[in-house]
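Comments concern the structure below.
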């Protein structure tokens, strides 16, 4: 009997056919810990699942991986659903995963916690980034389903509390796979509209799956980026979505949201009436005070005899004028005498005064002669006396020491 020789591909293909025909391996659930996790640029997930005794290679294609709401990571304990088959090229059998469920928390709860923690670290929940709601909005926008009960509640409360407010509906899906992007589009449209003072995002209660659109990251970032203040009112009082944390204000129900965004017109009228009464009372009190002050002025001496006070001031001016003139004359006389005395002293020190007493001084080449050492016989010198100059020629020089 001749033994058939198989190619490697034939062997791998045969093994694959055997494994694929096994009922257990065709659809099974496996629980273990994820390791060697890698998200490929193609969108496919590659990882292993292991326990204390063994390890199994796994792959999850993009069409299934894109449906996973939470972030997969190494060390996560999960239950995998899928089938075992052979990758013929490498002869490697692996688990082809169609769904991943975290052990403990459900996948949506885990995704909720992961996104909440990440956005909180980024600062999307910070109180100092919350926008203030206008006290009296002229226009209120509502993002919700046109057919739900929430829209009826919000409109009813707004019309009852503040009928003058303009209400603009921005229809959106609030449940289902396309709800997230629908809500984002409605928020962006409300911002483009530019006539909205405050925006209410709302829907009625439901399960976590039904409310999931309000836990999507794109919705959270659209709320954070909105220039219009946003009030979130999703579900019942006990329901908290990611949108509630990011919004500028969270309301437990749609009706409460309507009460928060518009004031009560009756209370405003009461406040205006009270303000009017206080203003009138204040004005009357002020008028009484001014009336008393006016009577006091009218009865004052100055008001009754205005010229008497003027005459008193005129007399005071005359007295001050006389004092000023006298003081000026005294100052002028003192300054004149001081000037004369200084002039006399200056004249007494003047060389001309000395010359008038019979003295003279000599110059040679326009320089004062202070000693005979600078004069030689035959030098021409000039002698200055009180009434003129003498041009002289030195006949002899004799130096003497005067006692």
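Numbering (my numbering), first residue to last: 55 to 457.
Here a beta-carbon is modelled for each residue, glycine too, at the ideal position from N, C-alpha and C.
Every value quoted in this text rests on a predicted model; they were computed, and no experiment measured them.
- By the Cβ test, the region 324-337 is not in contact with the region 294-303, since fewer than three Cβ pairs between them sit closer than 8 Å.
- Residue 201 counts as exposed, since fewer than 16 other C-beta atoms from the protein chains shown sit within 10 angstroms of its C-beta.
- Put simply, the region 310-318 does not touch the region 330-340. Fewer than three CB pairs are less than 8 Å apart.
- Taking the Cα of residue 169 as reference, the smallest distance to any Cα among 132, 238, 390, 295 is reached at 295.
- Secondary structure at residue 353: coil, using DSSP grouped into helix, strand and coil.
- The Cβ neighbour count for residue 112, taken over all protein chains shown within 10 Å, is at least 16; the residue is labelled buried.
- Remark: C-beta atoms of residue 185 and residue 306 do not approach each other more closely than 9 Å.
- If you keep only unbroken alpha helix (DSSP H) runs of at least 4 residues inside the region 253-304, you get 271-279, 296-300.
- A straight line joining the alpha-carbon of residue 351 with that of residue 192 spans about 51 Å.
- Nearest to residue 226 by alpha-carbon distance, out of 137, 239, 374, 323, is 239.
- Excluding the 5 residues flanking it on each side, residue 444 has same chain C-beta neighbours closer than 6 Å at 437, in chain order.
- Counting only runs of 3+ residues, the beta strand (DSSP E) found wholly inside the region 206-253 occupies 220-225, in chain order.
- Considering only 412, 165, 380, 253, the residue with the shortest C-alpha distance to residue 154 is 165.
- Taking a contact as a CB-CB distance under 8 Å, the pair residue 265 and residue 232 does not count as one, their CB atoms being some 15 Å apart.
- When only Cα atoms are considered, residue 288 and residue 76 end up about 47 Å apart.
- Taken in chain order, the unbroken stretches of beta strand (DSSP E) that lie wholly in the region 110-142 and span 3 residues or more are 131-141.
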